[in-house]
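Colleague: Questions regarding the structure given below will be posed in turn.
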Amino acid sequence: MKQNKNPTPSESFTSEAYSKDLLFNNKKIIALTGSISTGKSTAASIIRDLGFKIIDLDKIGHELYEDREVTDEISIAYGRDFTQKGIFNRKILSKYVFEDTRRLETLNKIMHEKIFEKMIRIIDESEDKIIFVDIPLLIELMEEKNHGLIYDEIWLVYVPREVQIERLMKRDNIEIEEALKKINSQMNIENKVKYADVLLKNDKDISELKKQIYREISRITAE
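In short: position in the sequence shown from 1, add 1112, done, that's the working numbering.
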């Protein structure tokens, strides 16, 4: 386990409400992470089908985009309106922020603390003894020391970079230039490997991914 890499609660949150008593000693917290188009969502779906609770940070983020106060804060930060016919358009926002890393940093600064605060509440209120947290940018957040999580293990869904590019182009129906912009906005997948307690290789078919997940689930439930 890589507990030494895990930020302490006081390092992780500026809010006093979340800087104390965040030990969750009676719960095993497992962070599921990866990079864009590595198959993290597929891994999460397999784990969920086995009956385990998964807190999806992307889903929390999408819910926050329905909050008018949040979307107004985003529009003010960039000095432009992202609404169409009265509805906030995340696709337009996404295209805009991925054109410039500084724009993406601004969005992350607005969204991350809100997302993590909600996540902590869900963990605190849950009665499950094993909880998975689906965190797309876990490693980046650890590096920046902006936010963190009390976790027992990190599970990283991994594919080689060339597979990542190919899958993203096919999934989003985009050219290689746009795919590279999105991929390069995140930490290189190879640099994330050193942080992983469990490496889930997803460059073959889904049956191979399932075998790896079933093996790890058997291990943690037997502990």
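Beta carbons are placed, not taken as given, at the ideal position from N, Cα and C, and that holds for glycine.
1. Identify whether residue 1260 lies in helix, strand or coil by the three-state DSSP scheme.
2. Taking only the alpha-carbon atoms, compute the straight-line gap between residue 1307 and residue 1251 and give it to the nearest angstrom.
3. Where does residue 1268 sit, in a helix, a strand or coil, going by DSSP?
4. Would you kindly work out how many angstroms separate the C-alpha atoms of residue 1143 and residue 1158, rounded to a whole number?
5. Using a threshold of 7 Å, is the CB atom of residue 1265 nearer than that to any non-hydrogen atom of the ligand FMN?
6. For the candidate residues 1286, 1304, 1185, 1172, whose alpha-carbon lies nearest to that of residue 1207?
7. Measure the Cβ-Cβ separation of residue 1272 and residue 1236 and say whether it is below 8 Å.
8. Give me, in chain order, the residues of the same chain whose beta-carbon lies closer than 8 Å to that of residue 1281; leave out the 5 immediate sequence neighbours on both sides.
9. Helix, strand or coil, according to DSSP, for residue 1308 in the structure here?
10. Relative to the alpha-carbon of residue 1188, which residue among 1234, 1248, 1167, 1218 has its alpha-carbon at the smallest distance?
11. As an exercise, report each continuous alpha helix (DSSP H) stretch of at least 4 residues that is fully enclosed by the segment 1152-1227, in chain order.
12. Please report the distance separating the alpha-carbon of residue 1107 from that of residue 1305.
Modeller: Reading from the atomic positions:
1. Low confidence applies to residue 1260: its pLDDT is 49, below 50, so where it sits in the model is not reliable, and the reading given next is rough at best. Residue state for residue 1260 is assigned as coil, using DSSP reduced to three classes.
2. Cα to Cα, the separation comes out at about 7 Å.
3. Here residue 1268 carries a strand assignment [DSSP, helix/strand/coil].
4. Roughly 15 Å separates the two Cα atoms.
5. Although the ligand FMN was asked about, the structure shown includes no ligands whatsoever.
6. Ranked by Cα distance from residue 1207, the options 1286, 1304, 1185, 1172 are led by 1286.
7. No.
8. Within the same chain, residue 1281 has close Cβ partners 1287, 1288, 1291.
9. Judged by DSSP in its simplified three-state form, residue 1308 adopts coil rather than helix or strand.
10. If we check each option's Cα against that of residue 1188, 1218 comes out closest.
11. DSSP runs (the alpha helix (DSSP H)) wholly in the segment 1152-1227: 1152-1161, 1169-1176, 1180-1190, 1202-1209.
12. Outside the displayed range of the chain (1113 to 1335) lies residue 1107, so it cannot be described from this structure.
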